[in-house]
Amino acid sequence: MLNVELLRPLLRAAWGPDTCDPAGREQWRPDNPARGQCGTTALVVQDLLGGDLILAEVQVDGAKVGNHYWNRLPDGTEVDLASDQFHPGEVVVGGRVQQRPPGPPRRCREEYERLRQRVLSALPEAAGR
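Residues 2 to 130 (our numbering) are what the sequence shown spells out, left to right.
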(Lines of atoms letter the chains of each structure in order from A; the text may use other names.)
(Lines give C-alpha, C1' and ligand atoms only; values in the text may rest on other atoms or scores of the structure.)
Protein backbone atom coordinates (compact mmCIF):
# COMPACT_ATOMS: atom_id res chain seq x y z
CA MET A 2 0.00 0.00 0.00
CA LEU A 3 1.30 3.44 -0.93
CA ASN A 4 2.32 5.54 2.06
CA VAL A 5 4.69 8.35 3.07
CA GLU A 6 7.54 6.01 3.97
CA LEU A 7 7.44 4.47 0.49
CA LEU A 8 7.19 7.90 -1.17
CA ARG A 9 9.94 9.63 0.83
CA PRO A 10 12.96 7.94 -0.85
CA LEU A 11 11.31 8.08 -4.29
CA LEU A 12 10.80 11.83 -4.00
CA ARG A 13 14.31 12.42 -2.68
CA ALA A 14 15.77 10.41 -5.57
CA ALA A 15 13.64 12.37 -8.07
CA TRP A 16 14.63 15.85 -6.82
CA GLY A 17 17.05 17.90 -8.84
CA PRO A 18 17.56 21.45 -10.02
CA ASP A 19 15.02 20.72 -12.77
CA THR A 20 12.25 20.01 -10.20
CA CYS A 21 13.12 22.99 -8.00
CA ASP A 22 11.12 26.22 -7.90
CA PRO A 23 12.88 28.45 -10.47
CA ALA A 24 12.81 31.37 -8.03
CA GLY A 25 15.18 29.47 -5.75
CA ARG A 26 17.07 27.37 -8.25
CA GLU A 27 20.36 29.20 -7.68
CA GLN A 28 20.20 28.05 -4.04
CA TRP A 29 19.69 24.36 -4.92
CA ARG A 30 22.70 22.16 -4.19
CA PRO A 31 23.26 18.38 -4.25
CA ASP A 32 24.08 18.56 -0.52
CA ASN A 33 20.70 20.27 0.09
CA PRO A 34 18.40 18.49 -2.40
CA ALA A 35 15.20 19.56 -0.60
CA ARG A 36 15.89 23.25 -1.32
CA GLY A 37 13.06 24.70 -3.40
CA GLN A 38 11.22 21.37 -3.66
CA CYS A 39 8.37 21.96 -1.19
CA GLY A 40 5.67 23.12 -3.62
CA THR A 41 6.12 20.44 -6.24
CA THR A 42 6.61 17.77 -3.58
CA ALA A 43 3.48 18.75 -1.66
CA LEU A 44 1.44 18.60 -4.87
CA VAL A 45 2.73 15.14 -5.77
CA VAL A 46 2.08 13.88 -2.23
CA GLN A 47 -1.46 15.25 -2.41
CA ASP A 48 -1.97 13.61 -5.82
CA LEU A 49 -0.97 10.23 -4.44
CA LEU A 50 -2.14 10.30 -0.82
CA GLY A 51 -4.85 12.99 -0.73
CA GLY A 52 -5.35 15.43 2.12
CA ASP A 53 -4.67 19.15 2.34
CA LEU A 54 -1.89 21.47 1.26
CA ILE A 55 -0.55 23.67 4.05
CA LEU A 56 1.07 27.02 3.22
CA ALA A 57 3.23 29.10 5.57
CA GLU A 58 5.72 31.95 5.37
CA VAL A 59 9.46 31.58 5.62
CA GLN A 60 10.98 34.47 7.54
CA VAL A 61 14.45 35.72 8.38
CA ASP A 62 14.69 38.22 11.23
CA GLY A 63 10.90 38.66 11.11
CA ALA A 64 10.76 39.53 7.39
CA LYS A 65 9.12 37.28 4.83
CA VAL A 66 11.61 35.75 2.40
CA GLY A 67 9.44 33.04 0.88
CA ASN A 68 6.70 30.45 1.25
CA HIS A 69 6.73 26.85 2.37
CA TYR A 70 4.29 24.05 1.57
CA TRP A 71 3.68 20.70 3.21
CA ASN A 72 0.82 18.20 3.56
CA ARG A 73 -1.86 17.22 6.03
CA LEU A 74 -2.89 13.67 5.17
CA PRO A 75 -6.51 12.49 5.36
CA ASP A 76 -5.85 10.99 8.82
CA GLY A 77 -4.68 14.42 10.11
CA THR A 78 -0.95 13.62 10.13
CA GLU A 79 1.20 16.52 8.92
CA VAL A 80 4.06 15.52 6.62
CA ASP A 81 6.79 17.89 5.48
CA LEU A 82 9.17 16.02 3.21
CA ALA A 83 11.20 19.15 2.38
CA SER A 84 11.61 20.46 5.93
CA ASP A 85 15.38 19.93 5.95
CA GLN A 86 15.97 22.55 3.24
CA PHE A 87 16.19 25.58 5.51
CA HIS A 88 19.34 27.53 6.29
CA PRO A 89 20.15 28.78 9.81
CA GLY A 90 17.98 31.77 10.62
CA GLU A 91 15.14 30.76 8.28
CA VAL A 92 11.97 30.15 10.26
CA VAL A 93 8.64 28.72 9.04
CA VAL A 94 5.82 30.81 10.49
CA GLY A 95 2.13 29.97 10.58
CA GLY A 96 0.49 27.51 8.29
CA ARG A 97 -2.99 27.39 6.83
CA VAL A 98 -4.84 25.10 4.49
CA GLN A 99 -4.42 26.24 0.90
CA GLN A 100 -7.12 25.21 -1.55
CA ARG A 101 -5.66 23.78 -4.72
CA PRO A 102 -7.19 25.20 -7.89
CA PRO A 103 -8.46 22.63 -10.39
CA GLY A 104 -6.11 21.50 -13.13
CA PRO A 105 -2.33 21.65 -13.25
CA PRO A 106 -0.46 24.28 -11.25
CA ARG A 107 0.08 27.67 -12.86
CA ARG A 108 3.48 28.11 -11.20
CA CYS A 109 6.20 25.49 -11.56
CA ARG A 110 4.04 23.37 -13.85
CA GLU A 111 6.97 21.83 -15.74
CA GLU A 112 8.87 21.12 -12.51
CA TYR A 113 5.77 19.53 -10.94
CA GLU A 114 5.06 17.37 -14.00
CA ARG A 115 8.71 16.26 -14.17
CA LEU A 116 8.78 15.32 -10.47
CA ARG A 117 5.40 13.57 -10.68
CA GLN A 118 6.48 11.52 -13.69
CA ARG A 119 9.74 10.46 -12.04
CA VAL A 120 7.91 9.32 -8.91
CA LEU A 121 5.17 7.53 -10.85
CA SER A 122 7.80 5.76 -12.96
CA ALA A 123 9.57 4.55 -9.80
CA LEU A 124 6.41 3.33 -8.05
CA PRO A 125 6.02 -0.09 -9.72
CA GLU A 126 9.67 -0.91 -8.93
CA ALA A 127 9.30 0.27 -5.33
CA ALA A 128 6.08 -1.67 -4.83
CA GLY A 129 7.85 -4.87 -5.86
CA ARG A 130 10.37 -4.65 -3.01
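Beta carbons: idealized from backbone N, C-alpha and C, even for Gly.
Expressed to the nearest angstrom, what Euclidean distance is found between the alpha-carbon atoms of residue i and residue j?
i	j	result
TRP16	TYR113	10 Å
ARG110	ARG36	17 Å
GLY63	GLY104	34 Å
GLN28	PRO75	32 Å
VAL93	GLU58	6 Å
ARG117	ALA24	19 Å
ARG30	GLN86	10 Å
VAL5	ALA14	14 Å
ALA123	PRO18	19 Å
VAL80	ARG26	23 Å
LEU56	PRO125	30 Å
PRO34	PRO102	27 Å
ASN68	ARG108	13 Å
Please name the residue, chosen from the options, that lies closest to residue i on a Cα-to-Cα basis.
i	options	result
LEU54	VAL61, GLY40 and ASP62	GLY40
GLY52	GLN118, GLN100, PRO106 and VAL94	GLN100
GLN60	LEU11, ARG30, HIS88 and ARG9	HIS88
LEU3	VAL45, PRO102 and GLY96	VAL45
ASP22	ALA14, PRO10 and THR42	THR42
GLY96	ALA24, TYR70 and LYS65	TYR70
THR78	PRO102, LYS65 and LEU50	LEU50
GLY90	ARG107, VAL66, PRO102 and PRO106	VAL66
VAL98	ASN72, PRO106, ARG115 and ARG119	ASN72
Just list the residues that DSSP pairs residue i with in beta bridges.
i	result
ASP53	ARG73
ARG30	ASN33
Kindly give me the distance between the Cβ atoms of residue i and residue j, rounded to whole angstroms, as I take these residues to be in contact under 8 Å.
i	j	result
GLN38	THR20	6 Å
ARG9	LEU82	6 Å
Helix, strand or coil for residue i per DSSP?
i	result
GLN38	coil
GLY104	coil
ALA123	helix
GLY67	strand
GLY17	coil
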